[in-house]
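So the protein sequences, as listed, match chains A and B. Quick note on the working numbering: the first sequence kicks off at 27 and runs consecutively. Quick note on the working numbering: the second sequence kicks off at 659 and runs consecutively. Glycine included, each C-beta is placed from N, C-alpha and C at the ideal position. Only a predicted model underlies this, so the values are computations on that prediction, with no experimental measurement involved. Below is one structure, written out as structure tokens; comments come after it.
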Amino acid sequence: MEIKTEQFTEAVKRELQNARSRAFLKLMPPVLHMKRDISLATFPDIPAAQAYGATIREEAMERLPELLEEFEKNALANGARVFWARDAEEANAYITNLAKERGVKYVTKGKSMVTEEMGLNEVLSKNGVEVWETDLGEFIAQQLHRPPFHIVGPAINVPVEEVCDLFMKKANMKEPTLDPVKLGYAARLFLRDKFHHVQMGITGINIAVAETGTIINVENEGNIRFTKASPPTQVSVMSLEKVVPTMYDALHLIRLLCRNCTGQKLSAYVSMDSRPKKKDEIDGPEELFIVIVDNGRTKIYQDLKARDVLRCIRCAACLNICPVYRQIGGYAYGWAYSGPMGQVLNPVLLGLDRTQDLYRASTLCGACKSVCPVGIDHPSLFLYYRAKDVLGDPYFKGKRRPWMEEHIFKGWNWAVNRSWRWNLGIRMVRPYINKNAAGGVIRKLTRSFDGWFRSRDLPPMAEKTFHERWSEIKEGKG
Amino acid sequence: MEQSAREEILRKLKAAPKKGIRSRPVLPPLRELSQTKEELIEKFTKNLVEETGVVHRVPDNQAALDKLTEIIQAEGMKKVMVSTDDVVAPLDLPAWGKRNNVQVMTPKDFPDRNSFRDAVFNEAEAGITGADFAVAESGTLALIHNKDQARLVSLAPILHMAIVPLERMVPVYERVTEKVFAKKDQLPSQFIFITGPSMTGDIQGALFKGMHGPRRLIVILVG
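What follows is the structure, encoded as structure tokens:
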């Protein structure tokens, strides 16, 4: 997937003009948020349930290497094969090779964020293996070559007219229709044929359970179930932070995930795989491959503060409540991960230098933090990234500020530290600044401050400072 | 390469600084744990109906068969795929099919994956299974996949009917997984929770059932 995090401002401007997306954003997030509240009320104590989720993920991160080893040991004992990949390239090459060795013409895929991050689809296609995304939203996004608009509903903003055109061209739909149900049914028929004959399926993993070596997928459509039931080869990919200690922990996280995500008590399907099919079973995978991907996580893990990002379970509650996401939607974030969770994750995966706007496009209102079921403190991470960036932190590739900005603030710091410098300065710049006043306001200054004046005006500076007037009054001149 | 990547990743993780593990906070038990059997049945039904599942309750196996007949006749179905699990096997559905002019297939009628896939994708108008557990907290069925519970029976046909003896009703998921995952050497290849039919809201948020799997789920509670 192409990384466009550096085009944030342009994308925002474009998206703010997109009436469709805007209308949609007014509607969907509040509805999801309301459903979330209703479903969370099934917990006897909601804050306690959320806090418990936070400690599960906190403990999982603290014990990460040990849990991964335990998970691997159990998965291997159950008959799964486990492959570790340092980066996207290694993981993609391994999976591509599995497909080629088996001579498969195409694979079906369940929605998986880590494979989007890895750009797996592009690599498989380049190597002659067709890839069919089978989650309806992901299927539409893939065919339209669009990034996900929302991490749970990737194409939920695409107008029905556009979906109709697409399905007429690419999904064998016979007659045009604008009915979402008929459109969905057309996709069902088209993808059903893929499921029927598929020889290799690829899925992500929501949770990996260390004590049993089990992998868990949570979904509503059934496409992941098909992808794991129909073909003889199953490949499931996880970024290495997905592991939790016990099945009890997994169940509590699933309760939190579904409620925080779609406001359901449980998604339609939760499937838990512990081993390949047994000899006497007629469906399910003969071979089960689990790919554990690092791709930058061990680097994040070294930093105790940034490490908290790895707790994320991708529920999207933070997107639905974010006042910024609710205006701009998911495209502007420029990569697989959008909204506040993308704003904390993308900068440490891609580098602070390539994600300058992401950790700054925030009001620091803390809405994201208030809904997070695993206790991520997004606003404090934004401030942490800003500080690292300004100081030019080499580890996460901070950029420093531009030379001019850095020196202006150094000068400012010097000037405001002593009252005589300030007072002298005021007297010197006043005539120059007020020269620009027109109609009682200053609308522009010099070229280098254009950005500041784009959305702000300044009142002209008073002819006398407060101190000057005060002394005059005291001396009886006022 | 495989080994070295593993070693490198684990080495980096182990070398990282530690924070220390906090003890887990108190988590009040779910309300279902203190409810009566009848309350659980009611809760199961309400939860599943919310997800557009249909729930019938019948007193015994004979009444369950009658209910099946009624549904199949109302739908005008001629061909069904049936699991051979310990709930439906004793019902002898092949004999029931002969009496009611319905062709009953089981996964065991097929020699291999491909022929089974052809039948379950293209021919079966409904899939009929038992369930290992029913969970009240969310109106959920739990199925252990094995030689008598093929995965595609409850997934590929457009209608899924499940028969559940009431003694299999439990309040919460933990009561299920404690049994299913108790013995490490006997873990099922796959274990699933089903809560309603297949669904999506991916086109403009319009909810739609039967995206890939069944459009309808009918549960017959027996007892």
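query	result
Just reading off the alpha helix (DSSP H) that Gln-382(A) is part of, what are its end residues?	Gln-382(A) -> no alpha helix (DSSP H), and no H or E assigned at all.
Would you tell me roughly how many angstroms separate the C-alpha atoms of Lys-303(A) and Lys-704(B), rounded to the nearest one?	34 Å
I'd like to check one pair, Gln-260(A) with Lys-254(A): are the Cβ atoms closer than 8 Å?	yes
Any heavy atom of the ligand ATP inside 7 Å of the beta-carbon of Phe-435(A)?	In terms of ligand content, the structure shown is empty, and the ligand ATP therefore cannot be addressed.
Buried or exposed for Val-684(B), going by 16 or more other Cβ atoms inside 10 Å?	exposed
Given 8 Å as the limit, is there contact between the stretch 811-820 of chain B and the stretch 779-789 of chain B, that is, 3 or more CB pairs closer than that?	yes
Using three-state DSSP, classify Glu-709(B) as helix, strand or coil.	coil
Using 8 Å as the cut-off, can you tell me whether the stretch 159-170 of chain A makes contact with the stretch 836-852 of chain B, which would need three or more C-beta pairs spanning the two stretches below that distance?	no
Ordered along the chain, which non-local residues of its own chain (more than five positions away) have a Cβ less than 6 Å from that of Tyr-410(A)?	Lys-331
Using a beta-carbon distance below 8 Å, is Tyr-359(A) in contact with chain B?	no
In the DSSP assignment, find the alpha helix (DSSP H) that holds Asp-63(A) and state where it starts and stops.	45-66
DSSP state of Leu-400(A), grouped into three classes?	The question names Leu, but residue 400(A) in the sequence shown is Val. In this structure, Val-400(A) counts as coil in the three-state DSSP scheme.
On the CB-based measure, 16 or more other CB atoms within 10 Å of its CB, does Glu-660(B) come out buried or exposed?	Because the pLDDT of Glu-660(B) is 48, which lies under 50, any placement of that residue in the model is unreliable, and the number read from its coordinates should be weighed accordingly. So Glu-660(B) ends up on the exposed side.
Run through DSSP, which three-state label would Ile-82(A) get?	helix
Relative to the C-alpha of Glu-690(B), which residue among Ser-796(B), Gly-755(B), Val-877(B) is closest?	Ser-796(B)
Which residues in chain B have a C-beta closer than 8 Å to the C-beta of Val-189(A)? List them in chain order.	Ile-861
In chain order, which beta strand (DSSP E) runs of at least 3 residues are fully inside the stretch 288-320 of chain A?	295-299, 313-319
Is it buried or exposed, Val-38(A), if we count other Cβ atoms within 10 angstroms and call 16 or more buried?	buried
According to DSSP, is Ser-497(A) part of a helix, a strand, or is it coil?	helix
Return the first residue and the last residue of the beta strand (DSSP E) that Gln-260(A) is part of.	259-265
Smallest Cα separation from Asn-346(A): which of Thr-381(A), Ala-393(A), Leu-376(A), Arg-333(A)?	Ala-393(A)
If we cut at 8 Å on Cβ distances, does Ser-796(B) have a partner in chain A?	yes
For Thr-764(B), which residues of its own chain have a beta-carbon under 6 Å away from its beta-carbon, when the five flanking residues on both sides are left out?	Val-740, Thr-742
Name the DSSP bridge partner or partners of Ala-820(B)?	Thr-787(B), Val-877(B)
Sort Ile-250(A), Ile-177(A), Gly-289(A) by Cα distance to Ala-362(A) and report the nearest one.	Ile-177(A)
Taking C-beta to C-beta, are Cys-344(A) and Pro-366(A) nearer than 8 Å?	yes
Terminal residues of the continuous beta strand (DSSP E) containing Ile-242(A)?	240-245
With 16 as the cutoff for other CB atoms within 10 Å, does Ile-679(B) come out buried or exposed?	exposed
Exposed or buried, what is Met-54(A) when buried is set at 16 or more other beta-carbons lying within 10 Å of its beta-carbon?	buried
Residues of chain A with a CB under 8 Å from the CB of Ile-852(B): which are they?	Ala-294, Tyr-295
Taking Cβ-Cβ distances shorter than 7 Å, what residues in chain B pair up with Trp-158(A)?	Correct list: empty, because the minimum Cβ distance to chain B is about 12 Å.
Look at the alpha carbon of Phe-252(A) and the alpha carbon of Leu-810(B), and state the distance between them as a whole number of angstroms.	8 Å
So what does Tyr-831(B) bridge to, in DSSP terms?	Beta-bridge pairing links Tyr-831(B) to no other residue.
Just grab the DSSP bridge partners of Gln-807(B) for me.	Asn-804(B)
Leaving aside the five residues before and after Phe-175(A) along the sequence, list all residues of the same chain whose C-beta is less than 7 Å from its C-beta, in chain order.	Ala-181, Ile-182, Asn-183, Gly-355, Gly-356, Tyr-357
Do Val-319(A) and Val-263(A) count as a contact pair if the criterion is CB distance below 8 Å?	yes
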